[in-house]
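Numbering (the numbering used here), first residue to last: 702 to 815.
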């Protein structure tokens, strides 16, 4: 099923151009297109801000895969980075994956807002 042009995932990728290489004709086929639901958008946004903050000017990073496995996020990436930047990126990803374990992926409030 093809994504619609107002897909939150495409908007999310466009908001972080340093982390994604988006295929213009079929963005949903791009590496790193999030294969999860919108409930984890905030988890992904925070993780991306941490990664962007870790990257130095001459370093490169790209998400390869963002998916759900066993009810939590799984992130695969590649980049040309220093050891220190790599440590900070791994920390950001570990935090995001851990946070996804206690965040509702579906993002639909239950009765009573709980």
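Using N, Cα and C, we set each Cβ at its ideal position, and we do this for glycine too.
Coil, strand or helix - residue i by DSSP
{"i": "residue 806", "result": "coil"}
{"i": "residue 750", "result": "helix"}
{"i": "residue 763", "result": "strand"}
Alpha carbon of residue i to alpha carbon of residue j, nearest angstrom
{"i": "residue 778", "j": "residue 794", "result": "10 Å"}
{"i": "residue 747", "j": "residue 766", "result": "17 Å"}
{"i": "residue 756", "j": "residue 731", "result": "21 Å"}
{"i": "residue 806", "j": "residue 713", "result": "16 Å"}
{"i": "residue 763", "j": "residue 719", "result": "8 Å"}
{"i": "residue 788", "j": "residue 721", "result": "20 Å"}
{"i": "residue 808", "j": "residue 791", "result": "26 Å"}
{"i": "residue 734", "j": "residue 726", "result": "14 Å"}
Terminal residues of the beta strand (DSSP E) in which residue i lies
{"i": "residue 740", "result": "Premise fails: residue 740 is in no beta strand (DSSP E) and is neither H nor E."}
Below-7 Å beta-carbon distance, residue i vs any chain B residue
{"i": "residue 707", "result": "In the structure shown, chain B does not exist; there is a single protein chain."}
6 Å Cβ shell around residue i - same chain, five flanking residues per side excluded
{"i": "residue 728", "result": "711"}
{"i": "residue 769", "result": "737"}
{"i": "residue 704", "result": "In this prediction, residue 704 scores a pLDDT of 49, lower than 50, which makes its location untrustworthy; the coordinate-derived value is nonetheless stated afterwards. Result list for residue 704: 729, in chain order."}
Sequence-distant residues of its chain with Cβ nearer than 8 Å to residue i (five each side left out)
{"i": "residue 709", "result": "739, 742"}
{"i": "residue 744", "result": "774, 797, 800, 801, 804"}
{"i": "residue 723", "result": "711, 714, 715, 731"}
Where the alpha helix (DSSP H) through residue i begins and ends
{"i": "residue 713", "result": "709 to 715"}
Same chain, Cβ closer than 7 Å to residue i, five either side skipped, listed in chain order
{"i": "residue 781", "result": "760, 761"}
{"i": "residue 752", "result": "720, 762, 790, 793"}
{"i": "residue 749", "result": "717, 720"}
{"i": "residue 786", "result": "755, 756, 757, 760"}
Residue i Cβ short of 6 Å to the ligand COA heavy atom set
{"i": "residue 728", "result": "As for the ligand COA, it is missing from this structure, which has no ligand bound."}
Subject >> Every unbroken alpha helix (DSSP H) inside the segment 770 to 805 [4 residues or more] >> reply: 784 to 801
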